[in-house]
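Each residue of the sequence shown is one higher than the last, beginning at 63 in the numbering used here.
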Amino acid sequence: MKKYNLILVFSPDRSKILMCLRKKAPHKGKLNFVGGSIEEGEESEAAAYRELFEETAVSREDISISHLIDLTYCEEDLLLEFWSGTLKNEKPVFGKENRLEWIPADSDFSDTSRFAGAGNIYLMVNYARLIASGAVCPASEHFVHNIAPVWDKNSRVLILGSFPSVKSREAGFYYAHPQNRFWRVLAAILCENIPESIDEKRAMLLRHGIALWDVIASCEISGSSDSSIKHAAPNDLSEILAKSKITHIFANGGTASRLYDKLLLQKTGIRAVKLPSTSPANASASLEKLTAEWKIILK
């Protein structure tokens, strides 16, 4: 996934916003926040400060920035991080690549003939104002599920999680956090070696007639915290159920079970059996206990 950042910089009195006049496509001739690409393996915060300094000469000593929100563009396989901060003191700024301008904070940022971002600049400025006023908390981010379900016509059981963790979203496959015990539990009850690659994991599931997906298609979530999930919209299970041999559904953990009952039970007519979560957050459940309880999927 390609990753980029944009940094919203307010003047010390928050009356102006620092922007750059882009010289290159796709936003040539339009004003945009400063920012750029996040290098592979680079921490998000470090990348934001690096881009800010490279484009404006504003350093960590001049400003403290915070992570505002992320936008995920699934079709473009692109993640856009927004950061925001207020200069501590007046500071001369200059950029080599694009001309920098201080724009009045009460400008009409919805004017797409002048500002880049198809209206997103307007949204981010207003969001930053709401956060600064204390009206909202910047904890949750909106994500759309972008990992395809695993199933085929011979699938007999369906295992549903709640929503992919940060690690899974980054890896592009289910249960990618190294401390999640899902693959160890499944390998144990199926008498298989623990799969390492995505292809090995998918093949093991299909060999044993197991389908895998999540309850939620999109939601607001803070990191990987199930307890922070809001505004959840469900995945459509109709095609999987109609074109496979699935007769039993299992929910991996309490959140998946609760959301399935709320959002999908009436549509599917199949009651999901709640299994103990394999998440590292469920630390009280040992691997042995999980394995014993998960054996029910084989019956």
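Note that CB positions come from ideal geometry on N, CA and C, so glycine has one too. Here the structure is a predicted model, which means the values were calculated and not measured.
Secondary structure at Ala273: strand, using DSSP grouped into helix, strand and coil.
Nearest to Leu349 by alpha-carbon distance, out of Ala250, Glu107, Ser224, is Ala250. In this structure, the beta-carbon distance from Ser224 to Leu321 falls below 9 Å.
Per DSSP, Asp261 has no beta bridge partner at all. The C-beta distance from His204 to Ala279 rounds to 12 Å, too long to fall under 8 Å, and the pair is not in contact. Here Gly91 carries a coil assignment [DSSP, helix/strand/coil]. The beta carbons of Gly97 and Tyr66 sit about 7 Å from each other, so the pair counts as a contact at 8 Å. Our two residues, Asp214 and Leu274, have alpha carbons roughly 10 Å apart in a direct line. In the DSSP assignment, Ser300 falls outside any beta strand (DSSP E) and within the unbroken alpha helix (DSSP H) covering 300-304. Between the alpha carbons of Ala295 and Pro342 lies a distance of about 25 Å. As summarised for the region 134-189, the continuous beta strand (DSSP E) elements at least 3 residues long and confined to that stretch are 140-149, 161-166, given in chain order. At the C-beta level, Asn94 and Leu114 stay beyond 9 Å of one another. With a cutoff of 9 Å on beta-carbon distance, Ser172 and Tyr184 are scored as near each other.
Of the residues assessed, Asp261 falls on the exposed side of the cut-off, its CB having fewer than 16 other CB atoms within 10 angstroms. According to the DSSP assignment, Lys324 belongs to the alpha helix (DSSP H) that extends over 316-325. Cβ-Cβ distances below 7 Å link Leu80 to Val71, Val96, Thr118, Val155, Leu162, Trp164 in the same chain, with the five nearest sequence neighbours on each side left out; the list follows chain order.
Separation of the CB atoms of Ile302 and Ile308 is rounded to 7 Å, and the pair is thereby assigned contact status at 8 Å. If you ignore the 5 residues before and after Ser217, its C-beta comes within less than 6 Å of the C-beta of Gly271, Ala273, Ser306, Ile308, all in its own chain and listed in chain order. Counting along the chain, the unbroken alpha helix (DSSP H) around Ala233 starts and ends at 228-233.
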